[in-house]
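J.: Taken in sequence, the protein lines are chains E and D. The number in the working numbering is simply the position in the first sequence, starting from 1, with 12 added. The number in the working numbering is simply the position in the second sequence, starting from 1, with 55 added. Positions of the beta carbon are idealized from the N, C-alpha and C atoms, including for glycine. This one's a predicted model, so the numbers in the text were calculated from it and none came from an experiment.
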Amino acid sequence: MNFTILSKEFKKGINIVEKITGKNLTLPILDNVLIEVLSNFIKISATDLELGIQWWGMCKTEKEGKIAVPAKLLNQIAGVLTDEKVNIKEKGNTLTIEGKNYKTQVKGFSADDFPIIPGFSKDNFIEINSKKIKEGLINVVDVVSLSQIKPEISGVYFSFQKDIVKLVATDSFRLSEKTISFPNKQGYKNMFNEEVNFILPQRSAKELINIINEEDKSLRIYLSESQVLFETFLSTVDHPEINLISRQIEGEYPSYQEIIPKEGKTKITVNKDEFLKQVKAAGIFGGRTNEIILKISKNLEIFSQDADIGEANISLPAKIEGSELKVSFNWKFLIDGLVNIKSSEITFEFQGDDGPSIIRPVGDSSYLYVVMPIKI
Amino acid sequence: MELENLWQTVLAQIQLNISPANFATWFANTKILSFENDIVVVSVPNSFSKEWLEQKYSKDILKILHTIDENIKNVSFSVDPGKTKKIVSGKKTIGKDDVLTEQLGFKELETNKDTNLNPRYTFESFIVGPFNEMCYAAATAVVEEPGKNYNPLFIYGGVGLGKTHLIQAIGNKIKEDSPEKRIKYLPAEKMISVIVNSIKNHNIEELKKSLRELDVLIVDDIQFIAGKDKTQEEFFHTFNSLYQKNKQIILSSDRHPNTIPAITERLKSRFKGGMITDMSSPDYETRIAILRKKSEEKGADLSKDVLDYVANNIQRNIRELESALNRLIIFKKTNNKNPSLEEAKKLLKNLIISPSKITNYKKIIQAVTEFYDIPNGNMFFTSRKKEFSKPRQIAMYLLKKELKMSFSEIGRKFGGKDHTTVIHSCQLIEKLEEEEEKTHQEIELILQRIYSN
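1) Could you spell out the range, first to last residue, of the alpha helix (DSSP H) harbouring residue 142 (chain E)?
2) Can you tell me where the alpha helix (DSSP H) with residue 181 (chain E) in it begins and where it stops?
3) Using a Cβ cut-off of 7 Å (strictly closer), state whether residue 238 (chain E) contacts chain D.
4) Measuring straight from C-alpha to C-alpha, what distance separates residue 75 (chain E) and residue 13 (chain E)?
5) Determine the burial state of residue 94 (chain D): buried for a count of at least 16 other Cβ atoms within 10 Å of its Cβ, exposed for fewer.
6) Would you please state the rounded distance, in angstroms, between the beta carbons of residue 33 (chain E) and residue 43 (chain E)? I believe it to be under 8 Å.
7) Anything in chain E within Cβ reach of residue 80 (chain D), meaning under 7 Å, just list it in chain order.
8) Taking one C-beta from the stretch 257-267 of chain E and one from the stretch 153-171 of chain E each time, how about it: are there three or more such pairs within less than 8 Å?
9) Could you tell me whether the Cβ of residue 482 (chain D) comes closer than 7 Å to any Cβ of chain C?
10) Taking contact to mean at least 3 C-beta pairs separated by less than 8 Å, is the stretch 226-233 of chain E in contact with the stretch 123-133 of chain E?
11) Chain D beta carbons: is any one of them nearer than 7 Å to that of residue 387 (chain E)?
12) Let's test the definition: count the other Cβ atoms within 10 Å of the Cβ of residue 37 (chain E) and tell me whether it reaches 16, buried, or not, exposed.
13) Using only alpha-carbon positions, find the residue among D:239, D:397 and D:283 that is nearest to residue 172 (chain D).
14) Kindly say whether residue 88 (chain D), judged by its beta-carbon, lies nearer than 7 Å to any beta-carbon of chain E.
15) What residue from D:223, D:214 and D:352 has the CA that sits closest to residue 510 (chain D)'s CA?
16) Residues in the same chain with beta-carbon distance under 8 Å from residue 246 (chain D), minus the five sequence neighbours each way, listed in chain order, please.
17) When you check each C-beta in the stretch 240-271 of chain E against every C-beta of chain D, which residues fall closer than 8 Å?
18) For residue 111 (chain E), which residues of its own chain have a beta-carbon under 6 Å away from its beta-carbon, when the five flanking residues on both sides are left out?
19) If you follow the beta strand (DSSP E) that residue 330 (chain D) is in, where does it begin and where does it stop?
20) Who does residue 325 (chain E) pair with in a DSSP beta bridge?
21) How far does the alpha helix (DSSP H) with residue 90 (chain D) in it extend, from its first residue to its last?
22) Let me know if residue 203 (chain E) comes out buried or exposed under the rule of 16 or more other beta-carbons within 10 Å of its beta-carbon.
23) Kindly indicate which residue of E:115, E:100, E:120 and E:93 has the alpha-carbon position closest to the one of residue 106 (chain E).
24) At 9 Å on the CB atoms, spell out the chain E contacts of residue 389 (chain D), in chain order.
25) Taking C-beta pairs closer than 7 Å, name the residues in chain D that residue 128 (chain E) reaches, listed in chain order.
26) Taking Cβ positions, are residue 191 (chain E) and residue 281 (chain E) nearer each other than 7 Å?
27) At what residues does the beta strand (DSSP E) containing residue 129 (chain E) begin and finish?
28) For chain E, check one thing: does any of its Cβ atoms lie closer than 7 Å to the Cβ of residue 143 (chain D)?
29) Roughly how many angstroms separate the alpha carbons of residue 255 (chain D) and residue 354 (chain D), rounded to a whole number?
30) Using 7 Å as the limit for Cβ to Cβ distance, is residue 164 (chain D) near chain E?
31) Are the C-beta atoms of residue 149 (chain E) and some chain D residue less than 7 Å apart?
32) Over the uninterrupted alpha helix (DSSP H) stretch that includes residue 360 (chain D), give me the two end residues.
33) Give the C-beta separation of residue 273 (chain E) and residue 349 (chain E) to the nearest angstrom, bearing in mind that I take them to be a contact with Cβ-Cβ under 8 Å.
34) Does the structure place the stretch 72-81 of chain D close enough to the stretch 201-217 of chain E that three or more beta carbon pairs sit under 8 Å?
35) Grab me the residues of residue 175 (chain E)'s own chain with a C-beta within less than 6 Å of its C-beta, minus the 5 sequence neighbours each way, in chain order.
36) Per DSSP, which one or two residues make a beta bridge with residue 217 (chain E)?
So, in structure tokens, the structure goes:
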């Protein structure tokens with residue numbers, strides 16, 4: 013192997029794939045990244061056997077070849093590269109990185125021991141605007157269940173329908189749903205000609221958010237029986253830039269629509285920023301239980317009390333419809349929903365003090381957040 | 056040679072040639088799925104293993120297989136993720152009991168997808184006392200021989216007494232004893248929406264078919280089908296079809312079939328065709344027993360005064376009893392000491408003297424008219440028809456008993472009736488309540504409505 017690459021590019025590649033490597037005691041090869049040099053392209057891969065990431069960058073190739081190199085070490089080296097471009101060679105499982113006044117040698121391993129990242133049939137795929145997927149995922153990814161008792165809800169549910177895509181997550185106490193619509197299918201193409209649904213593990217979803225940059229580009233999604241592949245493209249040439257391959261979570265996602273209440277008995281409309289601020293203020297006295305109480309009668313009051321430190325009584329203007337109510341919530345759960353809302357006003361609808369309550373942005377039907385109260 | 060042995064031989068030979076780490080990573084949870092014609096199919100837990108074995112070991116595996124059985128000409132790999140389910144051991148799971156508050160969760164996610172039952176409800180966790188032993192006995196009889204003993208089993212009683220717990224426990228137990236049985240638990244409200252939706256979507260036939268193929272149908276809060284004619288009709292036919300095939304039907308309701316308004320006579324008589332049993336409120340001793348058992352389960356040793364206080368002040372509702380107990384346990388967890396009686400009183404203030412515990416004229420009238428399904432209007436206050444007069448008398452009696460209103464005041468509320476008429480009504484109902492079980496029950500149920508939510 014012998015090639016020359018821009019240091020910036022090399023750093024970028026290492027950075028993208030390195031995150032998923034870690035200390036793996038049973039199979040130490042997984043602590044490495046695999047560097048493969050092909051004509052005009054360098055490919056760097058890493059995997060933990062649940063998730064795999066492959067990155068391609070342009071390079072000037074003198075001689076093709078491949079080697080596995082410890083990921084953390086390579087990342088440190090890439091971090092201190094100052095030259096504009098570097099020459100990289102491999103000989104006898106040793107990698108030599110050479111700049112103008114700089115030369116390091118890293119001991120690597122044979123590429124043959126590195127796991128093979130599964131391939132996909134690329135006949136059919138979904139093509140979609142990557143930025144919209146990224147924004148949607150950010151909205152839902154944090155309410156995924158961390159418990160292993162119900163593996164189905166330990167991931168984000170993707171549902172690719174006719175001209176909308178739904179992303180859903182729940183941890184059984186709250187649920188968030190993002191609906192991304194593509195009028196006239198602009199920015200969305202589904203070649204499977206049917207609804208496609210799968211559950212993506214939370215960690216893979218978080219990595220997916222990381223690898224998608226801010227530009228409006230297209231993201232392709234390929235499926236196999238138990239895996240899913242997300243593919244982004246280089247902007248300069250027609251070639252994949254990043255492939256993220258993840259396991260799908262086994263099982264069927266719960267029929268979550270049943271959880272979303274149709275109508276509320278009490279409904280408030282309130283300024284979002286103000287409400288967010290006051291929920292945080294009341295949260296100071298939420299104590300270890302994080303409990304705050306909303307009292308809804310003629311106006312909206314927020315009350316919290318900690319036996320040791322004190323209490324807060326806050327009232328704020330709100331439009332109130334329906335019956336009076338006193339209901340208690342974990343204030344952190346409320347914040348988790350509110351921060352994903354961009355609109356200036358929100359509605360908050362309640363089903364009494366023990367039923368699912370629902371927060372929606374006013375004038376934006378793409379997002380909803382269902383949260384269960386604390387029993388009073 | 057058996058498939059299992061065959062694969063063991065392969066593994067035994069392979070492991071000699073590769074590192075233990077590699078062997079553990081790539082060959083764990085593999086097995087031979089089938090051996091047909093001349094192809095052996097090996098199941099592997101994930102796609103990574105599949106790629107690895109296909110590309111690195113398929114030749115070796117085939118060679119070993121071929122020496123054992125010459126007929127084997129080919130080997131292929133297939134992903135079977137069902138075997139990858141990790142058993143999470145040691146890791147502490149976040150259960151409700153670990154959380155300091157009673158954070159409520161989505162009920163829909165706890166239930167089994169096929170049966171719709173919540174596995175949390177079992178016979179083991181059901182506390183039996185004099186107030187519910189009849190129901191319990193009937194339930195166990197049903198479990199022993201579903202469809203034979205009591206069909207339908209109709210359990211009624213007020214809110215928070217454990218009806219849902221018991222009927223779901225029956226379902227769970229039957230499923231446990233004979234997993235092949237098809238069981239469905241449906242809250243009536245859900246049944247109504249399912250029927251309405253399937254009429255709308257023109258697939259009512261499928262729904263009928265799926266309901267009629269059940270071995271056990273459990274419908275909770277059946278009183279909600281009152282006034283829902285289409286649902287009643289569909290349910291009637293389903294009921295008959297299951298009944299004729301000796302399939303078990305279990306129903307629950309907040310009142311006796313006779314007093315469910317606006318359901319057809321034919322359904323009423325079906326409901327009464329099996330075993331009807333009621334769950335009444337627990338007596339003081341049982342309430343104490345429940346509190347003791349629950350607090351033991353949760354590892355709290357609350358003092359006798361505190362338990363006494365709770366048992367004396369929460370009388371009609373086991374759910375509230377548990378809720379009170381949880382408040383006390385949370386106090387203990389946050390403060391690391393048991394609540395004193397004074398602290399308990401303060402903690403439970405909301406539960407015991409919450410606004411809902413203080414009733415008023417409007418609530419009583421509303422509860423009575425709703426219970427007897429009397430339309431709004433002046434009729435209730437003035438009409439002499441029998442269907443109105445008894446509910447009116449009960450309303451007067453409750454106003455007197457619960458609000459301590461004066462007889463003449465009550466008279467004025469009912470269109471200027473003389474105070475002697477009111478006295479007569481109250482005495483009449485008081486006597487009936489003592490003598491007649493039906494009236495007693497009705498009043499109990501109305502009281503529960505007044506004081507719940």
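T.: Concretely, from the data shown:
1) 142-152
2) Note, residue 181 (chain E): premise wrong, no alpha helix (DSSP H); beta strand (DSSP E) at 176-182.
3) yes
4) 5 Å
5) exposed
6) 6 Å
7) 38 and 39
8) yes
9) Among the chains of the structure shown, chain C does not appear; the protein chains present are E and D.
10) no
11) yes
12) exposed
13) D:239
14) no
15) Missing from the structure shown is residue 510 (chain D); chain D here goes from 56 to 508 and no further.
16) 274, 280, 286 and 290
17) 259, 262, 264, 266, 267, 268, 270 and 271
18) 95 and 98
19) 330-334
20) E:315
21) From DSSP, residue 90 (chain D) is part of no alpha helix (DSSP H) but of the beta strand (DSSP E) over 86-91.
22) exposed
23) E:120
24) 299, 300, 301 and 319
25) 106, 107 and 110
26) no
27) Counting along the chain, residue 129 (chain E) falls outside any beta strand (DSSP E), and DSSP gives it neither H nor E.
28) Note on residue 143 (chain D): pLDDT 40, under 50, position unreliable in the model; the coordinate value appears next. Closer than 7 Å to some Cβ of chain E, the Cβ of residue 143 (chain D) qualifies, so yes.
29) 51 Å
30) yes
31) no
32) 359-368
33) About 15 Å; that fails the 8 Å criterion.
34) no
35) 194 and 197
36) Beta-bridge pairing links residue 217 (chain E) to no other residue.
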